[in-house]
């Protein structure tokens, strides 16, 4: 399955969480709480990781039970086995699978290549929780073998080992860099305001105003003025 | 059982022509949707206004005691108007219909096993759905008529051909309320014409023109209620389906599935609606109704239209038409009369047409030749609430059927204007529309339209632009819409800006409208969900 779509990359990571309990709380629940406590919008650590289009974190408790396999094939499996004893019939049914541990799932869509993005996660992921500054290790802390992750290279290796090959792309983004997209959004909104204010004026007036407008919005300057990553209100 | 078996066995042997037999079944039974019109309340199937009922009175009641409440419902049931077909001679002078909020059904002591089958939107009621509906600022429930500070249990409507007929039925209901010995109370607190705050009923009436003739207009001057949906079993008249049913891939029209509007019938997904409580006898032939008192800020509308038309390249009436999708004077669809010159031509053709052709001119159209919105803007009110096939955006056969994104979002509109505008330069006073919606799934139909198509514009590629007339614009967040022009024409699109809140919610709730069978069972306390 392709994890690249043009310049966009889809990253899906499943990291097993240790089966264990600290002070009556499981590692999975500690990790879940840390995920739920992450600040959102501008304060989200993901807003600081360069080029993140959209990302989410959640705990996968178990596989989802869909139902027994369908019985619309040529013959009905359970009907055939019903000539045997009930326990034989039940033994013949497919086993219901469960996960051996709970998983931390991280799913992200971003611009560019994986290595560069993972460096960004290691270096830029930062936020305050209960007055303490936290980095990316705080979320992954209780995942199996994460204690060996002590530098950026080992973090990259770890994430790649947990990577799950799935083309989960967010359908609300192009494959341009985040800065490019945010600037485009900003320009579109500012331009529609400009049009509303200046419609009906003479061509000369509009041209003058447009020059001033361009000076203000600086279309070539991707840094500013623009929307900030994660910004939720004007 | 034995008797039946013997009779069956002793039936004379007849040779059955299976093909003919099947055809008879298809033609006689399966294809035709025969509704139990005498079991369905009349307001579901009929827009009373078009039968000469020009006035209405709406009452809201509270139930204090289950036994006496049920006895009252029993008395009302004797006068409830069914959907039985009428001709001019057989139609009554006055109609009566009844519905219940979820609290009302609790007060009537429906079994818990039935109550838990009602959908969450209905259980919550309109006030608690305010974030979905955009009822904020002046539309916030705290600013509604005083009556809505109490809990309404029963809604009743009286539609009449004269105010005398309404008054007579009203007095009869009041007598029954008195006879309930406090079991049922008529709630007061409707705002009235003379500044009253505590009226015991809400009156509504068609508006009359300068010559005193009844009109189909509302207070902003638009002609209302032209293209109400048509569903299977409602009419045998194919002409009424044009532009009002669902669009087919060949450009024709078919009635919508009954189950979009009446419980117990197949809907557009070929399923029974999943909003029906148990048992079937409680829900079959019933439906849900949304009641909303919508105040119209006539002064703001007139000022806004005047201001905006100064910079608009066209007449003021043309701009008003672009807001709505129909011209104010006669309801001409803007898509077929997109500017002042073409409107003049349309009017000439309309004047020369016979009544059937006139009706077609008003309803039988689509947006296939106007994908860009150059004729009828993508944000126009009637295009928003009934996009017909336009959500395919010109990609023929993009979906199984051109109305795939529309057919599950249709609502029947009932109701009438209320109040009189005494000063067209002011907003205050008591005038607007009593807006009632019939649908089987409030969340999927009414609330979706209100949230996504009135207060948002993304489905029409209009970002977060809202409906000019009904959107919940505010001073902090004024509205904006674009009036498109023909691509490549060299003309700039026109931006309408600073749109104020033109319509405010003044009250309302969600009601269950049971069948007449269900009414009798509710009254008898014999609803059995087992």
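Protein chains in written order, with my numbering: chain L, 6 to 239; chain S, 587 to 1116. We put the beta carbon where it would ideally sit given N, CA and C, even for glycine. The structure presented is a predicted model; accordingly, all values stated were derived computationally and were not measured.
Are the CB atoms of residue j and residue i within a distance shorter than 8 Å?
| i | j | result |
| --- | --- | --- |
| residue 626 of chain S | residue 957 of chain S | no |
| residue 815 of chain S | residue 826 of chain S | no |
| residue 58 of chain L | residue 115 of chain L | yes |
| residue 712 of chain S | residue 1096 of chain S | yes |
| residue 872 of chain S | residue 1099 of chain S | yes |
| residue 646 of chain S | residue 717 of chain S | no |
| residue 885 of chain S | residue 1013 of chain S | yes |
| residue 1047 of chain S | residue 963 of chain S | no |
| residue 15 of chain L | residue 234 of chain L | no |
| residue 686 of chain S | residue 709 of chain S | no |
| residue 756 of chain S | residue 740 of chain S | no |
| residue 721 of chain S | residue 1091 of chain S | yes |
| residue 668 of chain S | residue 1102 of chain S | yes |
| residue 169 of chain L | residue 18 of chain L | yes |
| residue 891 of chain S | residue 905 of chain S | yes |
| residue 1054 of chain S | residue 995 of chain S | no |
Residue i and residue j look like a contact to me (Cβ under 8 Å); what is the Cβ gap, rounded to whole Å?
| i | j | result |
| --- | --- | --- |
| residue 1087 of chain S | residue 1060 of chain S | 6 Å |
| residue 840 of chain S | residue 817 of chain S | 10 Å between Cβ atoms; not a contact. |
| residue 707 of chain S | residue 1028 of chain S | 4 Å |
| residue 874 of chain S | residue 1025 of chain S | 6 Å |
| residue 879 of chain S | residue 735 of chain S | Wrong, their Cβ atoms sit about 14 Å apart, outside the cutoff. |
| residue 921 of chain S | residue 887 of chain S | Actually they are not in contact, since the Cβ atoms of residue 921 of chain S and residue 887 of chain S sit about 23 Å apart, beyond 8 Å. |
| residue 1032 of chain S | residue 1085 of chain S | The pair is not a contact, with the Cβ atoms about 23 Å apart (cut-off 8 Å). |
Are the C-beta of residue i and some C-beta of chain S separated by less than 8 Å?
| i | result |
| --- | --- |
| residue 200 of chain L | yes |
| residue 223 of chain L | no |
| residue 236 of chain L | no |
| residue 11 of chain L | no |
| residue 212 of chain L | no |
| residue 186 of chain L | no |
| residue 177 of chain L | no |
| residue 229 of chain L | no |
| residue 137 of chain L | no |
| residue 204 of chain L | yes |
Between which two residues does the alpha helix (DSSP H) harbouring residue i extend?
| i | result |
| --- | --- |
| residue 886 of chain S | 884-897 |
| residue 158 of chain L | 157-167 |
| residue 749 of chain S | 749-765 |
| residue 206 of chain L | Taken as a continuous stretch (DSSP letters only), residue 206 of chain L belongs to no alpha helix (DSSP H), as it is neither H nor E. |
| residue 53 of chain L | 50-53 |
| residue 910 of chain S | 902-910 |
| residue 124 of chain L | 119-129 |
| residue 926 of chain S | 926-938 |
| residue 20 of chain L | Premise fails: residue 20 of chain L lies in the beta strand (DSSP E), 13-21, not in any alpha helix (DSSP H). |
| residue 949 of chain S | 941-949 |
In the DSSP assignment, find the unbroken beta strand (DSSP E) run with residue i in it and report its ends.
| i | result |
| --- | --- |
| residue 656 of chain S | It is not in any beta strand (DSSP E) - residue 656 of chain S instead sits in the alpha helix (DSSP H) that spans 652-663. |
| residue 790 of chain S | 788-791 |
| residue 60 of chain L | 57-65 |
| residue 998 of chain S | 998-1004 |
| residue 231 of chain L | It is not in any beta strand (DSSP E) - residue 231 of chain L carries neither H nor E in the DSSP assignment. |
| residue 134 of chain L | 132-134 |
| residue 685 of chain S | 680-686 |
Is the shortest distance between the beta-carbon of residue i and the beta-carbons of chain L less than 8 Å?
| i | result |
| --- | --- |
| residue 1118 of chain S | Given that chain S is displayed from residue 587 to residue 1116, the structure contains no residue 1118 of chain S and the question cannot be resolved. |
| residue 615 of chain S | The predicted position of residue 615 of chain S is uncertain, since its pLDDT is 39 and thus under 50; a value taken from the coordinates is nonetheless stated next. Judged by the 8 Å Cβ criterion, residue 615 of chain S is not in contact with chain L. |
| residue 612 of chain S | Residue placement at residue 612 of chain S is poorly supported in this model, since its pLDDT is 41, which falls under 50; the coordinates are not used for a value here. |
| residue 607 of chain S | In this prediction, residue 607 of chain S scores a pLDDT of 43, lower than 50, which makes its location untrustworthy; the coordinate-derived value is nonetheless stated afterwards. Chain L contact via Cβ: absent. |
| residue 985 of chain S | no |
| residue 1066 of chain S | yes |
| residue 1073 of chain S | no |
| residue 739 of chain S | no |
Validate contact between the region 1016-1029 of chain S and the region 968-977 of chain S using beta carbons, cut 8 Å, 3 pairs: The count of Cβ pairs closer than 8 Å, one atom from the region 1016-1029 of chain S and one from the region 968-977 of chain S, stays below three, leaving the stretches out of contact.
Cβ pair count under 8 Å reaching 3, the region 636-643 of chain S against the region 744-756 of chain S: At 8 Å Cβ cutoff, the stretches touch.
Touch test, the region 770-786 of chain S against the region 980-987 of chain S, Cβ-Cβ under 8 Å, three pairs minimum: The region 770-786 of chain S vs the region 980-987 of chain S: no contact.
contact_flag[the region 188-199 of chain L, the region 22-33 of chain L] where n(CB pairs < 8 Å) is 3 or more: Using a Cβ-Cβ distance cut-off of 8 Å, the region 188-199 of chain L and the region 22-33 of chain L are not in contact, since fewer than three pairs of beta carbons, one from each stretch, lie closer than that value.
Cβ contact check for the region 151-163 of chain L and the region 114-128 of chain L: 3 or more pairs under 8 Å: Counting C-beta pairs with one atom in each stretch, the region 151-163 of chain L and the region 114-128 of chain L have three or more that are closer than 8 Å, which means they touch.
Three-pair Cβ contact test at 8 Å for the region 697-704 of chain S versus the region 860-872 of chain S: The region 697-704 of chain S vs the region 860-872 of chain S: in contact.
Sufficient close CB pairs (3 or more, under 8 Å) joining the region 656-675 of chain S to the region 1074-1082 of chain S: Segments in contact, no.
Sufficient close CB pairs (3 or more, under 8 Å) joining the region 146-154 of chain L to the region 51-66 of chain L: The region 146-154 of chain L vs the region 51-66 of chain L: no contact.
The region 794-812 of chain S contacting the region 899-913 of chain S, beta-carbon criterion three pairs below 8 Å: Yes, since at least three Cβ pairs between the region 794-812 of chain S and the region 899-913 of chain S fall closer than 8 Å, the two stretches touch.
The region 760-768 of chain S contacting the region 991-1011 of chain S, beta-carbon criterion three pairs below 8 Å: Segments in contact, no.
Stretch-stretch touch, CB-based, cutoff 8 Å, three pairs: the region 225-239 of chain L with the region 183-193 of chain L: The region 225-239 of chain L makes contact with the region 183-193 of chain L, as at least three CB pairs between them are under 8 Å.
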